[in-house]
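Inspection log for the structure reproduced underneath, given as structure tokens.
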Amino acid sequence: MEEKILSLNINAILDYIKFASSSVKIISSFFINNDEMLNKIELCIVEGITNIIEHSYEFNTEKIILIDIYYCESYLKFNLTDSAKEYVLNFNKELIYDENDINSLPEGGMGLFLIKEIMDEVYLKRINNSNVLTMIKKII
Amino acid sequence: MNIIKTELPNAVLKVKADLNRLDSSNAATFKDELFRIIDNGNTKLILDLNDISFIDSSGIGSIVATYKKVKPLGNLIIITKSQSILTMLKLTRLDKVLTIVESDNIMDAINFF
Numbered sequence: 000m001e002e003k004i005l006s007l008n009i010n011a012i013l014d015y016i017k018f019a020s021s022s023v024k025i026i027s028s029f030f031i032n033n034d035e036m037l038n039k040i041e042l043c044i045v046e047g048i049t050n051i052i053e054h055s056y057e058f059n060t061e062k063i064i065l066i067d068i069y070y071c072e073s074y075l076k077f078n079l080t081d082s083a084k085e086y087v088l089n090f091n092k093e094l095i096y097d098e099n100d101i102n103s104l105p106e107g108g109m110g111l112f113l114i115k116e117i118m119d120e121v122y123l124k125r126i127n128n129s130n131v132l133t134m135i136k137k138i139i
Numbered sequence: 000m001n002i003i004k005t006e007l008p009n010a011v012l013k014v015k016a017d018l019n020r021l022d023s024s025n026a027a028t029f030k031d032e033l034f035r036i037i038d039n040g041n042t043k044l045i046l047d048l049n050d051i052s053f054i055d056s057s058g059i060g061s062i063v064a065t066y067k068k069v070k071p072l073g074n075l076i077i078i079t080k081s082q083s084i085l086t087m088l089k090l091t092r093l094d095k096v097l098t099i100v101e102s103d104n105i106m107d108a109i110n111f112f
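Chains G and S, in that order, give the protein sequences.
Heads up: the first sequence runs through residues 0 to 139, numbered per numbering that gives the first Met the number 0.
Heads up: the second sequence runs through residues 0 to 112, numbered per numbering that gives the first Met the number 0.
Shown next, in the form of structure tokens:
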């Protein structure tokens, strides 16, 4: 049975992301004994929150991002909630570039690709006038 | 942000930032500092990332931008044993493009010039 094990919130400030992502990594370490996977989970939290701050809240530092962690026997679930206007995320966007063409190398737009690559399930829902980005990682 | 520059033989410059995280909060400044170093005529760079324990896509983007600027003039070698950075480079396949030396010994990177 799924249970919420932690909620925290931060203002939409880039320099605060590390507080949330480090906390999530520590909490996850109670359930995952794999440093590489813990680093990847931290990366997904950072990318998800950064995306909200830059594109949803457009750097409005008064806005709040809620981070919820849920535990189930077979997975951890991370919800990132913002109160910006409704938006759509394209999780199917591939990271396409030509390794032999220096001008095609990516300088941005990698966040959602990384989340999709690392997590087992990712989706965005509009719930009670909020946007909820859900990321699920299997732990068994 | 404090950038530590060390001049090495054959006009190679080792660059290291006093950071343990390279992310969206500091990546733009990091890139600006590196661009300034290149604009000052330094085109053979070793980027020492051994003190950086976490990097996100913004941080990788700043390194890619620096690589794109310096590559037509010289080269950029990355030296790091940071698992966070190595994992990120593999996920984005940039480990196939950038020259990465998995070491904390600067001599291992100098040999690439």
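Virtual Cβ for every residue (Gly too), placed ideally from N, Cα, C.
Q) Between residue 63 (chain G) and residue 55 (chain G), what straight-line distance do the alpha-carbon atoms span, to the nearest angstrom? A) Taking the first residue of the first sequence as position 1, residue 63 (chain G) is located at position 64. Taking the first residue of the first sequence as position 1, residue 55 (chain G) is located at position 56. Those two C-alpha atoms are separated by around 11 Å.
(Q) Starting from residue 134 (chain G), trace the alpha helix (DSSP H) in both directions and tell me its first and last residue. (A) As a first step, residue 134 (chain G) must be located in the first sequence, where it is residue number 135. First-last for residue 134 (chain G): 129-137, but that is the beta strand (DSSP E), not the alpha helix (DSSP H).
Q) Beta-carbon separation of residue 117 (chain G) and residue 39 (chain G) under 8 Å? A) Translated into positions along the first sequence, residue 117 (chain G) becomes position 118. Translated into positions along the first sequence, residue 39 (chain G) becomes position 40. Cβ distance < 8 Å, so residue 117 (chain G) and residue 39 (chain G) count as in contact.
Q) What are the residues that DSSP puts in a beta bridge with residue 124 (chain G)? A) As a position in the first sequence, residue 124 (chain G) is number 125, starting the count at 1. G:131.
(Q) Below 7 Å on C-beta distance, what does residue 174 (chain G) contact in chain S? (A) Because chain G in this structure spans residues 0 to 139, residue 174 (chain G) falls outside the shown range and cannot be described.
Q: Compare the C-beta of residue 49 (chain G) against all C-beta atoms of chain S and say whether one is closer than 8 Å.
A: The residue given as residue 49 (chain G) occupies position 50 in the first sequence. So, interface residue.
(Q) Quick check on the burial criterion: 16 or more other C-beta atoms within 10 angstroms. Buried or exposed for residue 33 (chain G)? (A) Indexing the first sequence from 1 puts residue 33 (chain G) at position 34. By the 10 Å Cβ count, residue 33 (chain G) comes out exposed.
Q: Check whether the region 69-86 of chain G touches the region 1-13 of chain S, counting contact only when three or more Cβ pairs, one atom from each stretch, lie closer than 8 Å.
A: no
**Q.** Inter-residue CB distance, residue 91 (chain S) and residue 51 (chain S) (contact presumed, cutoff 8 Å)
**A.** For the purposes of this step, residue 91 (chain S) is taken as the residue at position 92 of the second sequence. For the purposes of this step, residue 51 (chain S) is taken as the residue at position 52 of the second sequence. Actually they do not touch by this definition, with Cβ atoms about 16 Å apart.
(Q) Rounding to the nearest angstrom, what Cα-Cα distance links residue 48 (chain S) and residue 90 (chain G) in this structure? (A) Counting from one through the second sequence, the residue named residue 48 (chain S) turns up at place 49. Counting from one through the first sequence, the residue named residue 90 (chain G) turns up at place 91. If I take the Cα positions, the gap works out to 30 Å.
Q: Would you list the one or two residues that DSSP bridges to residue 77 (chain G)?
A: Position 78 of the first sequence, counted from the first residue, corresponds to residue 77 (chain G). DSSP lists G:68, G:134 as partners of residue 77 (chain G).
Q. Does the Cβ of residue 10 (chain S) have 16 or more other Cβ atoms within 10 Å, making it buried, or fewer, making it exposed?
A. The residue given as residue 10 (chain S) occupies position 11 in the second sequence. Residue 10 (chain S) should be labelled exposed.
Q | Cutoff 6 Å; reference residue 47 (chain G); Cβ partners in own chain excluding five residues on either side | A | Locating residue 47 (chain G) in the first sequence gives position 48, counting from the first residue. The residues are 79, 132.
Q) Does the ligand ADP have even one heavy atom less than 7 Å from the beta-carbon of residue 124 (chain G)? A) In the structure on display, the ligand ADP does not appear, and there are no ligands present to speak of.
Q. Any idea if residue 139 (chain G) is buried or exposed, counting beta-carbon neighbours within 10 angstroms, 16 or more meaning buried?
A. Position 140 of the first sequence, counted from the start, is the residue given in the question as residue 139 (chain G). Exposed is the call here.
Q) In its own chain, which residues sit with a C-beta less than 7 Å from the C-beta of residue 135 (chain G), not counting the 5 before and 5 after it? A) By 1-based counting over the first sequence, the position of residue 135 (chain G) is 136. So the list reads 74, 76, 118, 119, 120, once near-sequence residues are dropped.
Q: Keeping to the same chain, check which residues put their C-beta closer than 6 Å to that of residue 88 (chain S); ignore five residues upstream and five downstream.
A: Taking the first residue of the second sequence as 1, we reach residue 88 (chain S) at position 89. Cβ within range, chain order: 94.
Q: Below 8 Å on the Cβ atoms is my guess for residue 8 (chain G) versus residue 66 (chain G); work out the distance and round it to an integer in Å.
A: Reading the first sequence from its first residue, position 9 is the one you call residue 8 (chain G). Reading the first sequence from its first residue, position 67 is the one you call residue 66 (chain G). Between residue 66 (chain G) and residue 8 (chain G) the Cβ distance is about 7 Å, and since that is below 8 Å, they are a contact.
Q | Proximity winner among S:77, S:66, S:97, relative to residue 107 (chain S) (alpha-carbon distances) | A | In the second sequence, residue 107 (chain S) corresponds to position 108, counting from 1. Nearest C-alpha to residue 107 (chain S): S:77.
Q.
Determine, for residue 108 (chain S), whether the minimum Cβ-Cβ distance to residues of chain G falls below 8 Å.
A. In the second sequence, residue 108 (chain S) corresponds to position 109, counting from 1. No, its Cβ sits nowhere closer than 8 Å to a Cβ of chain G.
Q: Use the C-beta contact count for residue 86 (chain G): other C-beta atoms within 10 angstroms, 16 or more gives buried, fewer gives exposed.
A: As a position in the first sequence, residue 86 (chain G) is number 87, starting the count at 1. Label assigned to residue 86 (chain G): exposed.
Q: Please name the residue, chosen from G:58, G:29, G:83, G:21, that lies closest to residue 43 (chain G) on a Cα-to-Cα basis.
A: Here the question's residue 43 (chain G) lines up with position 44 in the first sequence. It is G:21.
Q | Among G:92, G:107, G:122, G:23, the one whose alpha carbon lies nearest that of residue 6 (chain G) | A | Within the first sequence, residue 6 (chain G) is the residue found at index 7, counting from 1. With distances taken between Cα atoms, residue 6 (chain G) lies closest to G:23.
Q.
Suppose contacts are defined by Cβ-Cβ distances below 8 Å. Is residue 4 (chain G) in contact with residue 26 (chain G) by that definition?
A. Locating residue 4 (chain G) in the first sequence gives position 5, where the first residue counts as 1. Locating residue 26 (chain G) in the first sequence gives position 27, where the first residue counts as 1. Contact flag set, yes.
(Q) I want to verify the contact list: residues of chain S whose CB lies under 8 Å from the CB of residue 16 (chain G), in sequence order. (A) Translated into the one-based positions of the first sequence, residue 16 (chain G) becomes position 17. Within 8 Å Cβ-Cβ: 22, 23, 24.
Q: Check the Cβ-Cβ distances between residue 46 (chain S) and every residue of chain G, and say whether any is below 8 Å.
A: Residue mapping note: residue 46 (chain S) aligns to position 47 of the second sequence, counting from 1. So, not an interface residue.
(Q) residue 54 (chain S) and residue 83 (chain S) - do their beta-carbons sit closer together than 8 Å? (A) On the second sequence, position 84 is the one that residue 83 (chain S) refers to. On the second sequence, position 55 is the one that residue 54 (chain S) refers to. Their beta carbons are under 8 Å apart, which means residue 83 (chain S) touches residue 54 (chain S) by this criterion.
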